[in-house]
Amino acid sequence: SQAWYTLGLMHVRSFNFDAADAVADELDRITSRVREGATSPYATLVRARSLLRQKEPRLAGESVDEVLGAYPQMREALALRVAIAAVFRDIELESQLLARLEELSPNSALAHFEAGKQLADWRQYAPAMAHLEIATARQSAWPEPWIELGLLAMQAAEDQIALDALGRATELDPFNVRAKNTLQLATELATYERIETDHFIVRYRQGPDEILAREMPPVLDRIHARITGAENDGLDHVPDRKTVIDLMPSHDWFAVRITGMPDIFTIAASTGPAIAMESPRPGPGSTTQGYDWPRVMQHEYVHTVGLSRTKNRVPHWFTEAQAVYLEDGPWDESRARRLTASLEADELFPLDELSYGFIRPRRPGDRSLAYAQSAWLYEYLVGRFGSQAPLDLMDAYADGQTQREAFESVLGIDQDDLESEFLSWATGQARNWGLLGPEGMPSAGQLVRKYESDNAEAERGDGPSLADLLESYPDHPQLIEAVARQRLEDNRGRPTPEMAGILSRWAEAVPVADEPRRMLVLLARDEGIDPSDDITLGYLEHLDVRAQYTAAYAAELSRLYMRRDEPEKALAKAQRAIGIEPFDAPTRELAATIAGRAGELELAREHVRALTGIEPEREIHRQRLEAMDKRLGR
């Protein structure tokens with residue numbers, strides 16, 4: 053039984069709840085073979101821990117109470133019940149249970165360790181730290197409380213506590229990889245440079261990352277004003293402490309900063325008080341050639357502010373939905389298509405399971421679907437119930453209400469009814485994107501099959517062409533797209549002037565589609581883009597605002613706007629390009645030139661100064677910087 057129980061705990065920690073339930077069933081079978089009709093207390097504890105991991109503390113408490121009814125002196129069950137009371141903030145019950153444990157096992161660290169670990173899992177940093185400090189004091193040679201305290205302190209941006217705890221942890225258990233990695237990182241962070249503003253502390257390693265770190269404060273201040281304000285669906289809340297921004301020099305260091313291990317699928321993450329991001333600087337150890345770091349930072353800061361307002365008590369899908377929604381970016385094509393396909397196939401997550409798409413994806417693409425569906429649902433909530441509704445939901449979560457309870461009390465609607473209404477709304481949205489045929493009209497595939505069955509030529513192998521169908525259904529977005537794709541495929545993916553008409557129809561019929569706009573821009577570039585061509589500029593704007601890993605569109609627009617004698621727009625696009633590729637020398641050259649022509653000499657100087665760090669071997673940059681300093685009277 054002990055081996056099975058250990059396996060069950062491992063499954064709970066890795067969010068594999070089905071496997072944990074199977075282990076619990078096996079534990080019950082083992083017990084019933086020993087004594088007919090009996091159930092295993094360890095099976096019940098596995099189920100209780102699973103429920104707690106799924107953010108169902110009430111049900112978890114009921115399960116542990118069942119064990120304690122049969123085994124009132126079972127220390128492990130009592131310790132877990134203390135943790136559940138702490139999660140519930142039931143101070144009276146927590147004190148009573150701690151007193152009972154003190155009688156049974158004087159000066160035991162078990163309950164405080166369990167409470168600290170569970171509170172850390174719920175990101176209740178202050179009470180978690182208090183319990184773990186008691187546990188380390190009571191049993192100072194037990195490494196686990198020290199490890200949990202050190203990892204928790206790193207998440208809470210309490211660096212000195214982390215250093216002390218992890219130092220002790222690695223002395224007691226030199227083989228714990230997470231503790232060893234995190235101690236190494238904490239030691240390195242202590243050497244980082246700092247830039248402090250009214251709301252942020254930016255930390256970075258001396259060297260080339262200083263270029264970006266110096267440019268971050270004004271962008272961060274703009275993000276702070278946007279997210280903490282009440283306008284435009286902001287969160288109307290200011291955290292009570294400065295947020296630490298750690299600019300990590302490599303992907304491995306970033307991953308250790310967040311998880312303690314050098315492997316993570318993303319490039320930035322928020323733990324609440326701290327945000328870490330991988331430097332968008334190409335080179336050894338980097339996973340990116342550049343990315344839209346201001347948009348990524350805005351996403352992560354939404355988590356920081358939202359977690360602060362909810363006291364870290366919020367469903368995972370909700371905080372991710374909020375962060376995507378408040379990035380202020382438009383719907384991109386890949387997300388829209390994934391949502392539409394999942395909607396048609398009835399594969400969207402049930403709302404009760406949406407958070408697990410992030411935590412434990414079961415199919416390829418589950419995590420990206422969870423992000424997209426969450427943002428879609430959040431957009432629906434704002435549109436259906438108003439901008440205040442999400443804020444009221446956050447306050448309900450902060451008060452300890454479950455998701456279903458919050459929907460009932462705040463929105464006045466049952467969760468199942470809300471899901472049904474959302475799916476109807478989502479169908480209309482997919483049609484607005486041009487990814488579903490007009491209401492009452494068959495899909496492109498259905499039209500092809502019907503046409504084949506109605507045409508005698510189909511029997512001889514001379515079936516209908518897509519062009520034939522399009523003549524019969526000239527406004528069908530899927531048919532327009534299919535015909536355009538077929539023509540591109542016939543020409544090996546290269547557009548021709550003769551395709552301009554069908555590509556334009558595709559762009560109009562499917563507003564989220566990138567490909568027709570990209571092809572039309574290529575056609576225009578072949579002739580040389582005319583700066584007065586507002587249609588092509590519109591296509592470029594569409595592509596740029598959705599581009600998160602390339603500055604090419606922003607750079608092109610910057611040049612075009614300067615040729616149109618619109619220096620403010622040109623400079624805005626040049627700055628956007630820098631926000632994606634801050635360490636790219638040609639992009640810096642462009643930004644410096646545009647800033648100079650726009651009369652922003654101080655900004656131009658900053659870009660030239662950055663070039664001296666990006667390409668230190670090029671003397672021309674230092675000469676230009678000296679010349680600009682002389683011109684500016686420095």
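Just so we're aligned, residue 53 is where the sequence shown starts under our numbering, counting upward by one.
Yeah, the Cβ is synthetic: ideal placement off N, Cα and C, and Gly gets one too.
Those residues which DSSP pairs with residue i across a bridge
i	result
residue 298	255, 328
residue 322	327
Nonlocal neighbours in the same chain, by C-beta distance under 6 Å from residue i, ignoring five residues either side
i	result
residue 346	271, 631
residue 610	622, 625, 626, 646
residue 71	63
residue 532	557, 558, 561
residue 249	269
residue 235	218, 222
residue 209	296, 325, 326
residue 656	644, 647, 648
residue 276	251
residue 183	164, 167, 168
Residue i - containing beta strand (DSSP E), residue span
i	result
residue 702	The displayed coordinates of the chain run from 53 to 686. Any statement about residue 702 would go beyond what the structure contains.
Coarse secondary structure for residue i, derived from DSSP in three states
i	result
residue 603	coil
residue 689	Since the first residue shown for the chain is 53 and the last is 686, residue 689 is missing from the structure and cannot be characterised.
residue 700	Given a span of 53 to 686 for the chain in the structure shown, any question on residue 700 remains unanswerable.
residue 474	helix
residue 652	coil
residue 191	coil
residue 432	helix
residue 553	helix
residue 564	coil
residue 535	helix
residue 613	helix
residue 687	Any answer about residue 687 is impossible in this case: the structure gives the chain only from 53 up to 686.
residue 524	helix
residue 423	helix
residue 541	helix
residue 207	helix
residue 68	coil
residue 641	helix
residue 444	helix
residue 686	coil
Residue i: first and last residue of the uninterrupted alpha helix (DSSP H) it sits in
i	result
residue 465	Element bounds for residue 465: n/a, residue is neither H nor E.
residue 621	619-632
residue 369	368-377
residue 87	Neither: residue 87 is in no alpha helix (DSSP H) and is coded neither H nor E.
residue 577	567-579
residue 597	586-598
residue 391	385-396
residue 211	211-224
residue 56	54-65
residue 262	262-280
residue 168	162-173
residue 159	From DSSP, residue 159 is part of no alpha helix (DSSP H); its letter is neither H nor E.
residue 459	That residue, residue 459, is in no alpha helix (DSSP H); it is neither H nor E in DSSP.
residue 233	229-241
residue 130	127-140
residue 681	671-683
Cβ shell of residue i (< 8 Å), same chain only, five flanking positions each side left out
i	result
residue 595	566, 569, 570, 573, 605
residue 261	299, 301, 331, 333
residue 547	540, 555, 571, 572, 574, 575
residue 35	Outside the shown range of the chain (53 to 686) lies residue 35, about which nothing can therefore be said.
residue 619	613, 646, 649, 650, 651
Residues near residue i in its chain [Cβ-Cβ closer than 7 Å; skip 5 each side]
i	result
residue 607	629, 639, 642
residue 294	251, 252, 253
residue 437	463
residue 518	531, 534, 535, 538
Inset, instruction - Evaluate the contact criterion for the region 196-215 versus the region 114-134: three or more CB pairs, one atom per stretch, below 8 Å. - result: no
Legend entry - the region 161-173 touching the region 284-292, judged by at least three CB pairs closer than 8 Å: no
Inset, instruction - Indicate whether the contact test is met: 3 or more Cβ pairs, each with one atom in the region 427-445 and one in the region 361-373, closer than 8 Å. - result: yes
Legend entry - Stretch-stretch touch, CB-based, cutoff 8 Å, three pairs: the region 446-459 with the region 418-435: no
Legend entry - the region 487-503 touching the region 131-148, judged by at least three CB pairs closer than 8 Å: No contact exists between the region 487-503 and the region 131-148.
Inset, instruction - Would you check if there are 3 or more beta carbon pairs closer than 8 Å linking the region 74-85 to the region 106-113? - result: no
Legend entry - Stretch-stretch touch, CB-based, cutoff 8 Å, three pairs: the region 402-418 with the region 375-385: no
Legend entry - the region 145-153 / the region 174-182 touching (three or more Cβ pairs under 8 Å): no
Legend entry - Given 8 Å, three or more beta-carbon pairs between the region 335-355 and the region 397-409: Result no; under three Cβ-Cβ pairs closer than 8 Å.
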